[in-house]
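So the structure is just underneath, and the comments pick up after that.
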DNA sequence: CTGAAAAAATGACAATCGTCAGTTATTGTA
DNA sequence: TACAATAACTGACGATTGTCATTTTTTCAG
């Protein structure tokens, strides 16, 4: 799937297209986008964009996962979102005309396409369906973040871990969850040591199996119960 | 300022208009909006819209403050945002075509105008400047919420209190902060008792004065220091 | 103005969770 | 394949913060 050559990615046969806002909302010809975009291969742990910089365009994930994170006062990462195949990232700051408030970095090898700011804004202006899709996306995410804030504020670390594992299982789909303990702790909002201890608890409770880095959920029911609701 | 008659609020002489998205982004005649909107007086602690219901339009605050909050699993409120004069609320779920994920309730007596869903969407479609303003607003708020999540996850309650007091002081402007201890605790994400204890600490440290319900910040510098950054 | 209801405040106590310091295991590369 | 670097894990300990129970103060309606 991964194309290190940077060359032959095409929207028309993009495997991520069906999950993408382009696939869902845009009647425009895939080849229209094809002509505008460039594509690139990213190594693991490579930055896509950085907090403080100004957006030059948007990124469309063809393959691989990307973490979106903010930094707290002492520089500690807080992962806000993990984007997967088909997602477009980096367009929020384009609309707000502010520098990025978050950074993005690959969690694994990725193929990522890039569409220029002007081209993308032009598409938005001339294509109401795409535009509505984007607005829908922005609004949906605002709702998600309200829930995220509420979980952070009201749930215990144990509950948040259960909740986050459900989300991660969904993101990773058929694959096993594959994150460093530090990244996972930064997603849940806790110390790495606390996360490790809780994972051990969950393992002993028969909720998951730990294959070093990779996690296999074996009892999702229990997770739902612990997460609450 | 408050108009209990529901009758004579007009966009052209709306005192909140300069702070509003209409004032900032929309070249359209104020009277255009005037014809579409209806206005109403709300008592203190009156719901504006409720989580789970579907939006019928948007609300524009002419006078007074409104809390936007989600509910955790045990029904505990988490205040996500406090909206003041000039703000438009309730339009996010209109775009996402989902039921509201948050509720809104007045914190004091309010005058609130209402614009119908169809009328508002029509304005958005036909007025690119307004539309861009809305998109800018949505994007900006997403950035703010990323920071909110980070603060919740990484700061201590004491730091969050300091941080929140700065935000609240900004929202209340010339007025003194005027919230129940419970609402304030639900904004900061802590127990009411913890908040009360910390407010006492802050008072003893000469940071603020407590006039029963109302809080007067006397040393903002110290707050910044405690809040971090 | 008064009494009931709501809100604010206080005290005691325990559990969760973060920090620090150190060990073991894994990974990637020369 | 070995070794250096990184990540995972363990233990000890204390501070922060939530909970529960109770008292005091404030608010508001009649």
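Residue numbers (the working numbering), protein chains in the order written: chain A, 256 to 484; chain B, 256 to 484.
The C-beta atom is built at its ideal place from N, Cα and C for all residues, glycine as well.
Note that this is a predicted model, so its numbers are computed, not measured.
What are the uninterrupted segments assigned as alpha helix (DSSP H) that are 4 or more residues long and contained completely in the stretch 402 to 427 of chain A, given in chain order?
412 to 427
Can you tell which of A:265, A:483, A:386, A:344 has its C-alpha closest to the C-alpha of residue 405 of chain A?
Position 150 of the first chain, counting from 1, holds the residue named residue 405 of chain A. Ranking the options by Cα distance to residue 405 of chain A, first place goes to A:483.
Assigned secondary structure, residue 472 of chain B (DSSP; H/G/I helix, E/B strand, else coil)
By one-based count along the second chain, residue 472 of chain B stands at place 217. It is a strand residue.
Any beta carbon from chain B within less than 9 Å of residue 374 of chain A's own beta carbon?
Taking the first chain and counting its residues from 1, one reaches residue 374 of chain A at position 119. By this cut-off, residue 374 of chain A is not an interface position.
Starting from residue 451 of chain B, trace the alpha helix (DSSP H) both ways and give me its first and last residue.
Locating residue 451 of chain B in the second chain gives position 196, counting from the first residue. It spans 447 to 459 - the alpha helix (DSSP H) in which residue 451 of chain B sits, taken as one unbroken run.
Would you say the stretch 291 to 302 of chain B touches the stretch 354 to 361 of chain B, given that touching needs at least three Cβ pairs under 8 Å?
yes
With three or more beta-carbon pairs closer than 8 Å as the criterion, would you say the stretch 383 to 396 of chain B touches the stretch 339 to 353 of chain A?
yes
Check the C-beta distance from residue 443 of chain B over to residue 468 of chain B and give it rounded, since I have them as a contact under 8 Å.
Taking the second chain and counting its residues from 1, the one referred to as residue 443 of chain B is at position 188. Taking the second chain and counting its residues from 1, the one referred to as residue 468 of chain B is at position 213. Not really, about 16 Å apart at Cβ, beyond 8 Å.
Which residues DSSP lists as bridging residue 486 of chain B, in chain order
This structure gives no information on residue 486 of chain B, because the portion of chain B shown stretches from 256 to 484.
For residue 255 of chain A and chain B, any beta-carbon pair shorter than 9 Å?
The structure shown has nothing for residue 255 of chain A, since chain A only spans 256 to 484.
Hey, is residue 327 of chain B close to the ligand FMN, as in C-beta under 8 Å from one of its heavy atoms?
Ligands are entirely absent from the displayed structure, and the ligand FMN is therefore not among its contents.
Could one say the Cβ of residue 275 of chain B lies closer than 9 Å to chain A's Cβ atoms, at least one of them?
For the purposes of this step, residue 275 of chain B is taken as residue 20 along the second chain, with counting starting at 1. No, because no Cβ of chain A sits closer than 9 Å to the Cβ of residue 275 of chain B.
Let me check understanding here. Comparing Cα to Cα, which of A:337, A:317, A:315 lies closest to residue 324 of chain A?
Looking up residue 324 of chain A in the first chain gives position 69. Ranking A:337, A:317, A:315 by Cα distance to residue 324 of chain A puts A:337 first.
Measure the alpha-carbon distance for residue 433 of chain A versus residue 402 of chain A and round it to whole angstroms.
Position 178 of the first chain holds residue 433 of chain A. Position 147 of the first chain holds residue 402 of chain A. About 24 Å.
Determine the DSSP secondary structure at residue 310 of chain B, reduced to helix, strand or coil.
For the purposes of this step, residue 310 of chain B is identified with residue 55 of the second chain, where counting begins at 1. If DSSP states are grouped into helix, strand and coil, residue 310 of chain B belongs with coil.
Is it the case that the Cβ atoms of residue 273 of chain A and residue 426 of chain A are separated by a distance below 9 Å?
One-based indexing of the first chain puts residue 273 of chain A at position 18. One-based indexing of the first chain puts residue 426 of chain A at position 171. Their beta carbons are not under 9 Å apart, which means residue 273 of chain A does not touch residue 426 of chain A by this criterion.
Given a limit of 7 Å on CB to CB distance, which residues of the stretch 351 to 370 of chain A reach chain B?
351, 352, 353, 356, 357
Can you round the beta-carbon distance between residue 478 of chain B and residue 470 of chain B to whole angstroms, since I take them to be within the 8 Å contact cut?
Residue mapping note: residue 478 of chain B aligns to position 223 of the second chain, counting from 1. Residue mapping note: residue 470 of chain B aligns to position 215 of the second chain, counting from 1. Rounded, the Cβ-Cβ distance is 11 Å, inconsistent with contact.
Could you tell me whether any Cβ in chain A is nearer than 9 Å to the Cβ of residue 329 of chain B?
As a working note, residue 329 of chain B is residue 74 in the second chain. Yes, because at least one Cβ of chain A sits closer than 9 Å to the Cβ of residue 329 of chain B.
Leaving aside the five residues before and after residue 370 of chain B along the sequence, list all residues of the same chain whose C-beta is less than 6 Å from its C-beta, in chain order.
Here residue 370 of chain B corresponds to residue number 115 of the second chain, with the count starting at 1. Only 291, 292, 312, 313 meet the Cβ criterion.
What span of residues does the alpha helix (DSSP H) with residue 377 of chain B cover, start to end?
As a first step, residue 377 of chain B must be located in the second chain, where it is residue number 122. Start and end: 372 to 381.
Keeping to the same chain, check which residues put their C-beta closer than 7 Å to that of residue 269 of chain B; ignore five residues upstream and five downstream.
As a first step, residue 269 of chain B is located in the second chain; it is residue number 14 there, counting from the start. Same-chain partners within the cutoff: 317.
State the CB to CB distance for the pair residue 326 of chain B and residue 342 of chain B, rounded to an integer number of angstroms; the pair is presumed to be in contact (CB under 8 Å).
Along the second chain, one-based indexing puts residue 326 of chain B at 71. Along the second chain, one-based indexing puts residue 342 of chain B at 87. So it is not a contact: roughly 21 Å between Cβ atoms.
Between the CA atoms of residue 455 of chain B and residue 472 of chain B - distance to the nearest angstrom:
Start at 1 with the first residue of the second chain, and residue 472 of chain B comes out as number 217. Start at 1 with the first residue of the second chain, and residue 455 of chain B comes out as number 200. Near 13 Å, if we compare the C-alpha coordinates of residue 455 of chain B and residue 472 of chain B.
From the beta carbon of residue 228 of chain A, is the nearest beta carbon of chain B less than 9 Å away?
Beyond the ends of chain A as shown, which are 256 and 484, falls residue 228 of chain A; an answer cannot be given.
Rounded to the nearest angstrom, how far is the Cβ of residue 408 of chain A from that of residue 407 of chain B, given a contact under 8 Å?
In the first chain, the residue the question calls residue 408 of chain A occupies position 153. In the second chain, the residue the question calls residue 407 of chain B occupies position 152. With a Cβ gap of about 5 Å, residue 408 of chain A and residue 407 of chain B count as contacting.
Short-range partners of chain B found in the stretch 391 to 415 of chain A, where Cβ spacing is below 7 Å:
391, 393, 394, 395, 396, 397, 398, 400, 401, 402, 403, 404, 405, 407, 408, 409
Smallest Cα separation from residue 373 of chain A: which of A:367, A:267, A:346, A:387?
As a working mapping, residue 373 of chain A is identified with position 118 in the first chain. Nearest C-alpha to residue 373 of chain A: A:346.
Contacts of residue 325 of chain B in chain A (Cβ-Cβ under 7 Å)
The residue given as residue 325 of chain B occupies position 70 in the second chain. Within 7 Å Cβ-Cβ: 401, 402, 405.
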